[in-house]
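Here is the structure we will look at, set down as structure tokens.
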Ligand SMILES: NC(=O)c1ccc[n+]([C@@H]2O[C@H](COP(=O)([O-])OP(=O)(O)OC[C@H]3O[C@@H](n4cnc5c(N)ncnc54)[C@H](OP(=O)(O)O)[C@@H]3O)[C@@H](O)[C@H]2O)c1
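Numbering (the numbering used here), first residue to last: 13 to 300.
Laid out in structure tokens, this is it:
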């Protein structure tokens, strides 16, 4: 697997990560199967895994994904080379997704994530999403404080605009931004560009469009054509397009099947020509 580094560090991470969410939300596989997916991804070269406290069924199940990943990693000899990023800033009351960017919640969530991951310091702690009812700077200051206390090594953002990256950068050294990016959803290309300019790692979430749209990919003619040429899957062609969008982009595809995790990891060897990238750019990817 080709490696990159987390922004402005010399810490190597695989240029394709694994998104843990589908292993813990509704429709998740049994935990043993989830661990098989994690092992398959790591065996295929993945050394970066994204999770969140709220990747679970509801507020009675918080930390499910963090515990699952930690339990898989503990079994491995190469565990020191695996980097796990988690998040705070959301809640799951009754299974709903709600925002809570209060410093109190972020501090409490951090303690729970430290326990769930079984670590003394979170490697990369990401603010999951700005909360409109809490001043953005107050939430970011809570992350900065956790970093000063040594509970968090690096800080990242998620679901943010270019303006919010600028605001946060006055308070904390922003190492990563995690926003959505796929041929179906291109609304964050300005953020990708800004991350390249600032040397901030851009983690592309839902890079194959998310669970529903990912199933449409094999039927899209331009992807079939590119996949045939590169002897890869149409999903791998999409991941290659996502990577081509910026020099700090690291896609974090999710999977519930080991073979999908392996296929995504292998997509690292696919390099699209400028003509192929332009052809995908010019194609409308229907979301219906
Ligand atoms: N920060 C945020 O607000 C936010 C929001 C959403 C997601 N995320 C993060 O981003 C990660 C990825 O997003 P996502 O899970 O929503 O969407 P995704 O990665 O675009 O799609 C995941 C789905 O695509 C399928 N898939 C992936 N790679 C494939 C391949 N090579 N071949 C065939 N099928 C493939 C998987 O199918 P199977 O299930 O059949 O294996 C899975 O159901 C999440 O796990 C999470 O870590 C973050």
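By construction, the Cβ of each residue, glycine as well, lies at the ideal position given by its N, Cα and C atoms.
In the DSSP assignment, the alpha helix (DSSP H) including residue i goes from what residue to what residue?
i, result
"residue 284", "It is not in any alpha helix (DSSP H) - residue 284 carries neither H nor E in the DSSP assignment."
"residue 83", "76–86"
"residue 197", "Run containing residue 197: none; DSSP gives neither H nor E here."
"residue 54", "43–55"
"residue 151", "148–160"
"residue 234", "233–242"
For the beta strand (DSSP E) holding residue i, just list the boundary residues, first then last.
i, result
"residue 96", "95–100"
"residue 24", "24–26"
"residue 275", "Careful: residue 275 lies outside any beta strand (DSSP E), inside the alpha helix (DSSP H) at 270–278."
"residue 164", "164–170"
At the level of alpha carbons, what is the spacing between residue i and residue j?
i, j, result
"residue 244", "residue 22", "31 Å"
"residue 76", "residue 40", "11 Å"
"residue 166", "residue 58", "20 Å"
"residue 201", "residue 195", "11 Å"
"residue 171", "residue 250", "21 Å"
"residue 219", "residue 29", "11 Å"
"residue 119", "residue 72", "19 Å"
"residue 54", "residue 33", "16 Å"
"residue 136", "residue 96", "7 Å"
"residue 49", "residue 264", "14 Å"
"residue 14", "residue 276", "13 Å"
"residue 297", "residue 289", "14 Å"
"residue 36", "residue 111", "19 Å"
"residue 26", "residue 180", "26 Å"
"residue 38", "residue 106", "12 Å"
"residue 81", "residue 223", "20 Å"
Here's the rule: buried if 16 or more other CB atoms are within 10 angstroms of the residue's CB, otherwise exposed. What is residue i?
i, result
"residue 191", "buried"
"residue 272", "buried"
"residue 176", "buried"
"residue 98", "buried"
"residue 281", "exposed"
"residue 209", "exposed"
"residue 63", "buried"
"residue 52", "buried"
"residue 127", "exposed"
Just to confirm, is the Cβ distance from residue i to residue j under 8 Å?
i, j, result
"residue 85", "residue 91", "yes"
"residue 102", "residue 66", "yes"
"residue 125", "residue 100", "yes"
"residue 253", "residue 292", "yes"
"residue 239", "residue 233", "no"
"residue 204", "residue 193", "yes"
"residue 9", "residue 46", "With the chain represented from 13 up to 300, any question about residue 9 goes unanswered, as that position is not in the structure."
"residue 214", "residue 261", "yes"
"residue 256", "residue 284", "yes"
"residue 169", "residue 186", "yes"
"residue 225", "residue 299", "yes"
"residue 138", "residue 19", "no"
Hey, does residue i have any beta-carbon neighbour from chain C nearer than 8 Å?
i, result
"residue 91", "This model lacks chain C altogether; it includes just one protein chain."
Report yes or no: do three or more beta-carbon pairs, one from the stretch 148–159 and one from the stretch 124–133, lie closer than 8 Å? Flag = no, the stretch 148–159 and the stretch 124–133 do not touch.
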